[in-house]
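Structure record follows, encoded as structure tokens.
In my numbering, the protein residues as written are 2 to 374.
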């Protein structure tokens with residue numbers, strides 16, 4: 002902004018937004034309408050973001066009246082959701098704002114834009130080739146579930162935000178909007194991922210657990226997964242997101258959450274992750290939360306438990322379908338025998354399909370003898 006008069010108007014608008022007076026904020030934003038093309042895009046987006054975080058729908062509408070377009074709106078939506086500012090969040094969604102959208106070139110004025118990471122704070126967006134590759138990588142959705150931390154890039158202009166947040170209110174709003182179908186599959190998946198990663202971090206360090214944050218985010222995850230299973234919201238990425246939470250030293254509560262809501266995902270990870278197969282204590286603890294999957298995956302669980310002599314957990318699998326097949330039982334018996342667990346081997350041998358077939362044949366022959374007598 003070369004014009005000092007315009008700079009002064011922008012500063013006044015920022016101060017009015019922070020002051021909390023709706024009439025002053027509206028007036029100061031509308032004062033920029035005649036000179037909107039002279040306002041640097043970064044400054045304009047900063048005003049929008051502050052309005053969405055701190056102000057009313059009337060103020061946000063004034064921002065859009067003053068500026069015919071903003072080159073980036075996704076963080077503004079993320080902040081409205083973070084602050085549980087429902088009227089503003091709905092307004093932005095009605096305008097078609099994409100939470101994972103990218104920066105776009107202006108069409109109503111000429112301006113050179115800085116690197117788009119300035120606006121996105123280098124969070125991943127819909128166009129990022131590594132979106133969902135590493136669930137811990139922050140996306141714009143991640144910002145929804147974070148408090149204001151005073152980070153240098155949290156606001157596009159000084160001063161930093163000093164707004165209080167309520168994670169429960171945020172989760173309630175996001176779940177309600179998701180239930181109404183206001184997020185497409187990609188955003189739905191990413192909001193689920195972001196909340197579960199927040200829970201993962203809250204339980205990461207022993208002795209430093211943030212129980213309330215974890216509980217709030219996991220409860221939100223349960224609601225989102227209900228929509229996924231019952232209403233078809235989200236897509237195939239949900240299974241990948243849940244599986245990616247099962248990593249070494251993850252909290253057992255996170256793994257239990259995955260098993261309760263997607264037991265097949267855990268069993269798939271058991272088949273593909275050698276470290277998980279070695280963590281028999283964790284695997285055994287998850288058995289009550291599991292249900293049968295494919296023959297191959299059930300067999301892998303059977304073998305892991307047999308190799309460690311886990312009789313209590315083996316007995317919990319006694320009625321599982323697609324589990325006690327010849328290949329599965331043979332492999333499990335071999336693993337139990339090799340590890341010196343005779344009780345497990347004997348228990349499995351008694352449930353071998355060949356033994357079962359022999360007992361059935363003998364019983365049938367006895368019944369035939371009884372009929373001939």
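Backbone N, C-alpha and C fix where the C-beta goes; we use that ideal spot for every residue, glycine too.
Report the option in the options whose CA atom is closest to the CA atom of residue i.
i: residue 433; options: 274, 257, 82; result: Lying before the first or after the last residue shown, residue 433 is absent from the chain, which here runs from 2 to 374.
i: residue 11; options: 148, 352, 42; result: 42
i: residue 106; options: 71, 96, 17, 67; result: 71
i: residue 46; options: 224, 250, 238, 114; result: 114
i: residue 26; options: 158, 244, 58, 40; result: 58
i: residue 40; options: 22, 28, 56, 9; result: 9
i: residue 100; options: 325, 123, 321, 188; result: 188
i: residue 201; options: 342, 255, 193; result: 255
i: residue 65; options: 323, 180, 98; result: 98
i: residue 182; options: 7, 240, 91, 320; result: 91
i: residue 240; options: 207, 276, 191, 220; result: 191
i: residue 172; options: 154, 85, 162, 209; result: 85
i: residue 96; options: 108, 112, 77; result: 77
i: residue 88; options: 60, 227, 69, 168; result: 60
i: residue 193; options: 155, 350, 140; result: 140
i: residue 298; options: 341, 278, 321, 269; result: 269
i: residue 288; options: 234, 273, 320, 275; result: 320
i: residue 133; options: 232, 186, 152; result: 186
i: residue 251; options: 135, 236, 277; result: 277
i: residue 230; options: 180, 273, 293; result: 180
i: residue 225; options: 272, 271, 177, 162; result: 177
i: residue 213; options: 184, 238, 168; result: 168
i: residue 20; options: 163, 174, 112; result: 163
i: residue 108; options: 273, 339, 69, 154; result: 69
i: residue 322; options: 24, 292, 249; result: 292
i: residue 294; options: 312, 274, 324; result: 324
i: residue 24; options: 116, 330, 56, 233; result: 56
i: residue 238; options: 136, 153, 339, 152; result: 136
i: residue 249; options: 232, 160, 281, 116; result: 281
Under 6 Å Cβ to Cβ from residue i, same chain only, skipping five residues before and after it: list those, please.
i: residue 195; result: 142, 143, 146
i: residue 1; result: As shown, the chain starts at 2 and ends at 374. That puts residue 1 outside it, with no answer to give.
i: residue 211; result: 203
i: residue 306; result: 314, 315
i: residue 38; result: 110
i: residue 215; result: 200, 203, 204
i: residue 31; result: 63, 67
i: residue 29; result: 13, 14, 17
i: residue 272; result: 298, 301
i: residue 329; result: 300, 303
i: residue 310; result: 342, 345
Three-state secondary structure (DSSP) at residue i?
i: residue 157; result: coil
i: residue 370; result: A caution first: residue 370 carries a pLDDT of 44, below 50, which makes its placement in the model unreliable, though a value can still be read off. In this structure, residue 370 counts as helix in the three-state DSSP scheme.
i: residue 125; result: strand
i: residue 140; result: strand
i: residue 241; result: helix
i: residue 1; result: Past the boundaries of the shown model lies residue 1; the chain is included only from 2 to 374, so the question cannot be answered.
i: residue 250; result: coil
i: residue 200; result: helix
i: residue 100; result: coil
i: residue 132; result: coil
i: residue 114; result: coil
i: residue 183; result: coil
i: residue 222; result: helix
i: residue 106; result: coil
i: residue 164; result: coil
i: residue 255; result: helix
i: residue 173; result: helix
i: residue 189; result: helix
i: residue 147; result: coil
i: residue 232; result: helix
i: residue 194; result: helix
Output needed for residue i: all residues of its chain with C-beta closer than 7 Å, excluding positions within five of it in sequence on either side, in chain order.
i: residue 253; result: 283, 286
i: residue 290; result: 257, 260, 261, 264
i: residue 80; result: 50, 53, 54
If contacts are defined as beta-carbon pairs under 8 Å, then residue i and residue j qualify, I think. What distance do you get, rounded to the angstrom?
i: residue 199; j: residue 218; result: 5 Å
i: residue 308; j: residue 337; result: 6 Å
i: residue 166; j: residue 148; result: 5 Å
i: residue 343; j: residue 303; result: Not a contact, Cβ separation roughly 17 Å.
i: residue 1; j: residue 49; result: With the chain covering 2 to 374 only, the question about residue 1 has no answer from this structure.
i: residue 52; j: residue 93; result: Rounded, the Cβ-Cβ distance is 11 Å, inconsistent with contact.
i: residue 222; j: residue 197; result: 5 Å
Excluding sequence positions up to five away, which residues of its chain have a Cβ less than 8 Å from the Cβ of residue i?
i: residue 259; result: 243, 244, 246, 247, 266, 267
i: residue 326; result: 296, 300, 354
i: residue 157; result: 43, 44, 46, 47, 50, 119, 120
**Complete beta strand (DSSP E) runs within the region 327–359 (minimum length 3 residues, chain order)** = Whole beta strand (DSSP E) segments, 3+ residues: zero.
**Prompt:** Where in the region 6–94 do unbroken runs of the alpha helix (DSSP H), each at least 4 residues long, occur, reported from the N-terminal end onward?
**Reply:** DSSP runs (the alpha helix (DSSP H)) wholly in the region 6–94: 23–31, 42–55, 58–67, 75–83.
**Item:** Entirely enclosed alpha helix (DSSP H) segments - the region 259–332, minimum 4 residues
**Value:** Scanning the region 259–332 from its first residue to its last, the whole alpha helix (DSSP H) runs of 4-plus residues come out as 264–273, 275–279, 281–287, 296–308, 312–317.
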